[in-house]
Amino acid sequence: MKKISLIVLLLITTLMMTAQQKALVIIDIQNDYFTGGNMPLVGSDEAVLNAKSVLEQFRKEGLPVIHIQHISDRPGSTFFVPGTQGVEIHSEVAPLSSEKVITKHFPNSFRETELQAYLKEQGISDLVICGMMTSMCVDATTRAAKDLGYNCTVIGDACAAPNLQFNGKTIPGENVHEAFLAALSYFYATVVNAEDYLNN
126 MKKISLIVLL LITTLMMTAQ QKALVIIDIQ NDYFTGGNMP LVGSDEAVLN AKSVLEQFRK
186 EGLPVIHIQH ISDRPGSTFF VPGTQGVEIH SEVAPLSSEK VITKHFPNSF RETELQAYLK
246 EQGISDLVIC GMMTSMCVDA TTRAAKDLGY NCTVIGDACA APNLQFNGKT IPGENVHEAF
306 LAALSYFYAT VVNAEDYLNN
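Residue numbers (our numbering): 126 to 325.
Laid out in structure tokens, this is it:
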């Protein structure tokens, strides 16, 4: 009987460890990226709702959730300024008191933060990534994560990008978003939409 109980305990422990191998990383879904903010993105309203649906699933399953919050420390910065409403995480994906919040000052969420140490401590090997901007912090973080050995999934429609200027031309945010997701999907991540991710 004791032997059976020990086997059951080992199985439960193994299952719990397996469940902890996956974490959701929500990057910079902050008020300045929405209408009324200082750096509104194209498609941010749709993106936050898709991020929320994935977040709710992770919470339901009791899986780790990590919120990344960018706080600008650059002189003359026009958004994510400390102490402003714009720097706050959007209410649709606001962290629970039990969820990890990591502050960063660079596009790469691993740079000069505790993210890598925290993931190692939690035994995380697989990252599900969403957030803003697709063309900056999502891209930089996903590439860094892959280089560090993590398996990455990006929820494409839970990310958003800005219109960009280049060579005197305006590149629409939708095109910027799709181009960066296409580039990431070649090697750095599996890119899926929220509905497909939640149904698999």
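By construction, the Cβ of each residue, glycine as well, lies at the ideal position given by its N, Cα and C atoms. Remember, it's a predicted structure, so these values are computed and weren't measured experimentally.
The criterion of a C-beta distance shorter than 7 Å is not satisfied by residue 213 and residue 288. Per the coordinates, the alpha-carbon of residue 166 lies some 6 Å from the alpha-carbon of residue 159.
Shown here, residue 192 sits in a strand according to DSSP, grouped into three states. Rounded to whole angstroms, the Cβ separation of residue 227 and residue 244 is 10 Å, and the two are not in contact under 8 Å. Taking 7 Å as the cut-off, the beta carbon of residue 183 is found closer than this to the beta carbon of residue 190. By the neighbour-count definition (other C-beta atoms within 10 Å, threshold 16), residue 219 is an exposed residue. According to DSSP, residue pairing for residue 283 in a beta bridge does not occur. DSSP, reduced to helix, strand and coil, places residue 148 within a strand of the structure shown. When secondary structure is reduced to three states using DSSP, residue 324 falls in the helix class. In terms of CA proximity to residue 257, 285 leads the group 285, 162, 279, 324. Contact between residue 152 and residue 234 holds, with the beta-carbon distance rounding to 6 Å and staying under 8 Å. The region 310–321 makes contact with the region 264–276; the number of CB pairs closer than 8 Å reaches 3 or more.
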